[in-house]
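Take the sequence shown: its letters are residues 1 to 684, numbered as in the UniProt record's numbering. Using N, Cα and C, we set each Cβ at its ideal position, and we do this for glycine too.
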Amino acid sequence: MERFFDATSVAVIGVSSSPTNLGRAIVFNLMEFQYQGLIYLVGPKGGVFAGHRIYRSVADLPETVDLAAVLVPARAVPEVIRQCGEKGIRRIVVESAGFRELGDDRAELEKEMQEALTRYGIRMIGPNCIGVINRHTGLAVPFMPMRAEAPPGRVAIISQSGGVGATMINHCAAEGIGFSKFASIGNKLDVNENDLLAYYLEDPKTDVIFGYLEGIAQGRRLMEIAARATKPIVVHKSNRGGAGAVIARSHSASLATDDAVTDAAFRQCGMLRVTDQNEGLTAIKGFLLPTMRGRRLAVISRSGGHAVMAADAADEFGFQLPPFPEELVKMAESHARAGVIQFHNPMDLGDVFDLELYEKLARHTVARPDIDGLLFIHNYQGIFDAEGSRQLVKSLGRLMAEAQKPIAVCVFTMHKELELNRKSAGYPLFTDPRDALRALAWNRDFGGKPRRVFADERPHGVDPEKTRRALAASAEGPVAPDALAAALAGYGIATVPWAVAADEEEAAACARRLGFPVAVKTAALQVVHKTDVGAVALDLPHEEAVRDAYRRLARFGPTVLVQKMASPGMEWIIGGRQDENFGPVVLVGLGGVYVEVFKETAMGIGPLDKEQARELVERCRGAALLRGVRGRPPLHEDALLETIVRLSWFLYDCPQIAEVDMNPVRVDEQGCMALDWRAVVRKV
């Protein structure tokens, strides 16, 4: 990737002297951003533009260049790539549009391009993009004319959309935030977000990474790269619909939609997903502050109303508000005019008008070992105290740098004054207490250390060969319950004692062998939600009840499943499905009838370890019930976690399992076991 961003010579291919030629904007940008490398222009009509000769072909260039920026009609692109290959150019940005984004009939063009890239060993960004920018070298090849509004900064941007990426650059510039590098990746025929993310993570000039994605190329690789990060990664992933909305056979498949899976994957590997550009900008601002290393927050506000708003937001985002020490309170009280305000945390300075005291209070506050960060809210109208207020805002920035603790500064003033503060502050400002504290919470919760994203050791006692034999006879579609139970047993997943019966006498015999009371369920593969259609009979106390149940269930099919009734306990669902990008998705939540009622589940990307399984359980409100409530004994939580881990490995090792449900899984004091199970096999 370095050769894209550190190119010392650039050929702009597709330039003419016509006023409507888009290639001219690329040349404009190189000049606007003060690129110091060599610039060559190529266009079939030749001529001169901006003092540069336009060569008629790539072959005519006097030397090989490091990077080619291509903006020619789509059907000409494969030939241009071949010409670059013959010339020895090994890095290309194709900004031309008109490929598969317009339909599958254009895929042949991309195939031609891919063949040329492979033949010559070329790496390419695009097509259908606006190119790359390196703010520190002046390299800038978008065909969209741009201005270097803010100085080079510490934010690197990856954007699938050129327009959205350019908009984020503008948003940042309006806040006085500069960027280090920018890449628009378009159709991602060759270079994708993973390549750029890995590069940005190693870039010494980048501290924060922002990405805008509409689709994900290789989800598991993305997770593995992100898990290594020591820099915050903020991603706006749009295009929330898709195949996940299609009606699925099982609870797990219908709940584990594509967008929910993306949420789970990002959370697991430590990326922050935001819902829009405003949230993205808020996150960037928060991550550009020093790291907040705990939850202890001080709030100092010139406005009582904003102090109340800040207290609400602090509670919402999990901050603690330690009281101010007596000496600090007395310092504030000594400057109060009317003495009508109580100086708690948040500290309301509405009765204090000494701006030097504001800075002194902030300095003493961030010096305290029991404070991890400060929210400072300052409002003024810019009539009498404008200069003093601007100096206060700048001094808070210096104080933050000295203390190496975050100070989120909210400024409420007239628009012109706000712009002056943004230009002079030297750090990001906020205009809403809740946004400021949300940014601080994201800053606080970012670990800053590499994490293990997938488990690397199978649980003891796993027998993949046993599972393979159990599934060998299963064709595409639903798996027979007895075959699935045997397959799950190969991974040490317990199911309630069961037997298969094909007539009422056999059902009665199975019940005698298992011991009463029993449950009888249809084994018909087409019946998914048995309770809803009356395809299950529970708590049958004797043989005649079993025979009667069989006769009632025979309308669904001749085969039934006879099961021992389980002891009372708590019902969970454990299931999952295969995702095209991320692989095995594991779903956990309250089970039985509560699945459809609450639809409260947590997901992870397998295989998982026990701590990851614990995190999934903790995200469900039912987790507290596992520890015992109102005198009830605690349930076997560890057995639940072990079952989650084992199912994650079952899905990982058996890619032919398209989806699987164990619902309910009964957890009691002794352990946990599945009471009902189903799965669907796919062709792989």
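Measure the CB-CB distance between asparagine 663 and valine 595 and report whether it falls below 9 angstroms.
Here residue 663 is taken as the residue at index 663 of the sequence shown, counted from 1. Here residue 595 is taken as the residue at index 595 of the sequence shown, counted from 1. The answer is yes: Cβ separation under 9 angstroms.
To the nearest angstrom, report how far apart glutamate 112 and proline 78 are at their CA atoms.
For the purposes of this step, residue 112 is taken as the residue at position 112 of the sequence shown. For the purposes of this step, residue 78 is taken as the residue at position 78 of the sequence shown. Approximately 6 angstroms between the Cα atoms of the pair.
In chain order, what residues of the same chain lie with their CB nearer than 6 angstroms to the CB of glycine 589, ignoring the 5 residues before and after it?
As a position in the sequence shown, residue 589 is number 589, starting the count at 1. Once the five neighbours on either side are set aside, the close Cβ partners of glycine 589 are Ile573, Glu600, Thr601 and Cys620.
For the alpha helix (DSSP H) holding threonine 365, just list the boundary residues, first then last.
The sequence position of residue 365 within the sequence shown is 365, counting from 1. Here the alpha helix (DSSP H) through threonine 365 covers 355-367.
Check for me: the alpha helix (DSSP H) holding alanine 658 runs from which residue to which?
On the sequence shown, residue 658 is found 658 positions in, with the first residue counted as 1. Careful: alanine 658 lies outside any alpha helix (DSSP H), inside the beta strand (DSSP E) at 657-667.
Go to leucine 297, then tell me how far its beta strand (DSSP E) extends in each direction, as first and last residue.
As a position in the sequence shown, residue 297 is number 297, starting the count at 1. Element bounds for leucine 297: 297-301.
Do the segment 142-160 and the segment 199-210 make contact, defined as three or more Cβ pairs closer than 8 angstroms?
Judged by Cβ distances under 8 angstroms, the segment 142-160 makes contact with the segment 199-210, as three or more pairs qualify.
Please determine, among Ala107, Asp653 and Lys449, the residue with the shortest C-alpha to C-alpha distance to alanine 227.
By 1-based counting over the sequence shown, the position of residue 227 is 227. Checking every option, the nearest Cα to that of alanine 227 belongs to Lys449.
As a quick exercise: from Val10, Met414 and Met309, pick the residue whose alpha carbon is nearest that of phenylalanine 384.
Numbered from its first residue, the sequence shown carries residue 384 at position 384. When each option's Cα is compared against that of phenylalanine 384, the closest is Met414.
Determine, using beta-carbon pairs with one atom in the segment 434-445 and one in the segment 279-295, whether at least three such pairs fall under 8 angstroms.
Output reads yes: the segment 279-295 touches the segment 434-445.
Can you give me the Cβ contacts of serine 250 inside the same chain, cut-off strictly under 6 angstroms, excluding the 5 residues immediately before and after it?
Looking up residue 250 in the sequence shown gives position 250. Confidence at serine 250 is low in this model, with a pLDDT of 43, below 50, so the placement of that residue should be treated as unreliable; the coordinate-derived value is given next. Answer for serine 250: Glu659 and Asp661, listed in chain order.
For isoleucine 644, which of helix, strand or coil comes out of DSSP?
For the purposes of this step, residue 644 is identified with residue 644 of the sequence shown, where counting begins at 1. DSSP places isoleucine 644 in helix when its eight states are reduced to three.
I'd like the list of long-range same chain contacts for serine 9, defined as Cβ closer than 6 angstroms, with 5 residues on each side in sequence excluded.
Here residue 9 refers to the residue found at position 9 when the sequence shown is read from its first residue. Here the set comprises Gly37, Leu38, Val65 and Asp66.
Would leucine 34 and glycine 138 be called neighbours here (beta carbons separated by less than 9 angstroms)?
Indexing the sequence shown from 1 puts residue 34 at position 34. Indexing the sequence shown from 1 puts residue 138 at position 138. Correcting the residue identity first, residue 34 is glutamine in this sequence and not leucine. A contact, by the Cβ cut-off of 9 angstroms.
Going by CA-CA distance only, name the one from Val617, Phe319, Gln160 and Lys610 that's closest to methionine 292.
Taking the sequence shown and counting its residues from 1, the one referred to as residue 292 is at position 292. Answer by Cα proximity: Phe319.
Could I get the ranges of all uninterrupted alpha helix (DSSP H) runs contained in the segment 580-632, with 4 residues as the minimum, in chain order?
Whole alpha helix (DSSP H) segments, 4+ residues: 594-598 and 610-618.
Does DSSP classify lysine 475 as helix, strand or coil?
Stepping through the sequence shown from its first residue, residue 475 is reached at position 475. It should be pointed out that residue 475 corresponds to alanine in this sequence rather than to lysine. Looking at alanine 475 - three-state DSSP - the assignment turns out to be coil, as it is neither helix nor strand.
Tell me which residues share the same chain as glycine 178 and place their Cβ nearer than 8 angstroms to its Cβ, disregarding the 5 neighbours each side in the sequence.
Position 178 of the sequence shown, counted from the first residue, corresponds to residue 178. These residues qualify, in order along the chain: Arg135, Ala150, Pro151, Pro152, Gly153, Arg154, Val155 and Cys172.
If I'm right that leucine 189 touches glutamine 114 with Cβ under 8 angstroms, what's the distance once you round it to whole angstroms?
Numbered from its first residue, the sequence shown carries residue 189 at position 189. Numbered from its first residue, the sequence shown carries residue 114 at position 114. Indeed they touch by this definition, with Cβ atoms about 6 angstroms apart.
Using the Cα positions of serine 252 and arginine 632, report the straight-line distance between them to the nearest angstrom.
For the purposes of this step, residue 252 is taken as residue 252 along the sequence shown, with counting starting at 1. For the purposes of this step, residue 632 is taken as residue 632 along the sequence shown, with counting starting at 1. With a pLDDT of only 47 at serine 252, under 50, the local geometry of the prediction cannot be trusted, and no value is derived from it.
Kindly identify the DSSP beta-bridge partner or partners of methionine 124.
One-based indexing of the sequence shown puts residue 124 at position 124. Beta-bridge pairing links methionine 124 to Ile92.
Let me know the secondary structure DSSP gives threonine 495 once reduced to three states.
Taking the first residue of the sequence shown as 1, we reach residue 495 at position 495. Threonine 495 falls in the strand class under three-state DSSP.
Considering only DSSP beta bridges, list what asparagine 29 is partnered with.
The residue you call residue 29 lines up with position 29 of the sequence shown. Per DSSP, none; premise fails for asparagine 29.
Measure the CB-CB distance between isoleucine 81 and isoleucine 125 and report whether it falls below 9 angstroms.
As a working note, residue 81 is residue 81 in the sequence shown. As a working note, residue 125 is residue 125 in the sequence shown. Not in contact: isoleucine 81 and isoleucine 125 (Cβ atoms no closer than 9 angstroms).
Quick test of the definition: if touching needs 3 or more C-beta pairs under 8 angstroms, does the segment 641-656 touch the segment 487-497?
Yes, the segment 641-656 is in contact with the segment 487-497.
By Cβ distance, which residues of its chain are closer than 7 angstroms to glycine 294, with the 5 residues on each side in sequence left out?
Working through the sequence shown from its first residue, we reach residue 294 at position 294. Asp372.
If you drop the 5 nearest sequence neighbours on each side, which residues of the same chain put their C-beta closer than 6 angstroms to that of lysine 466?
To locate residue 466, count along the sequence shown from 1; it is residue 466. Around lysine 466: Gly490.
For the candidate residues Val680, Asp6 and Gly305, whose alpha-carbon lies nearest to that of alanine 473?
On the sequence shown, position 473 is the one that residue 473 refers to. Cα-wise, what sits closest to alanine 473 is Val680.
Helix, strand or coil for cysteine 654 per DSSP?
If you number the sequence shown from 1, residue 654 lands on position 654. Correct three-state label for cysteine 654: coil.
In three-state terms, what does DSSP make of cysteine 672?
The sequence position of residue 672 within the sequence shown is 672, counting from 1. Three-state DSSP puts cysteine 672 in a strand.
Which same chain residues end up closer than 8 angstroms to histidine 542 when comparing Cβ atoms and leaving out the 5 residues on each side of it in sequence?
Here residue 542 refers to the residue found at position 542 when the sequence shown is read from its first residue. So the qualifying residues of the chain are Phe516.
So, leucine 321 versus glutamate 359, is the Cβ gap smaller than 9 angstroms?
As a first step, residue 321 is located in the sequence shown; it is residue number 321 there, counting from the start. As a first step, residue 359 is located in the sequence shown; it is residue number 359 there, counting from the start. No.
Rounded to the nearest angstrom, how far is the Cβ of lysine 87 from that of valine 42, given a contact under 8 angstroms?
By 1-based counting over the sequence shown, the position of residue 87 is 87. By 1-based counting over the sequence shown, the position of residue 42 is 42. Between valine 42 and lysine 87 the Cβ distance is about 10 angstroms, and since that is not below 8 angstroms, they are no contact.
Helix, strand or coil for serine 57? Go by DSSP, reduced to three states.
One-based indexing of the sequence shown puts residue 57 at position 57. Here serine 57 sits in coil by DSSP.
For arginine 513 and arginine 666, what's the separation of their Cα atoms in angstroms?
Here residue 513 corresponds to residue number 513 of the sequence shown, with the count starting at 1. Here residue 666 corresponds to residue number 666 of the sequence shown, with the count starting at 1. Going by the C-alpha atoms only, they are around 22 angstroms apart.
Across which residues does DSSP place asparagine 134 in a beta bridge pair?
Indexing the sequence shown from 1 puts residue 134 at position 134. The partner list for asparagine 134 (beta bridge, DSSP) reads Leu139 and Lys181.
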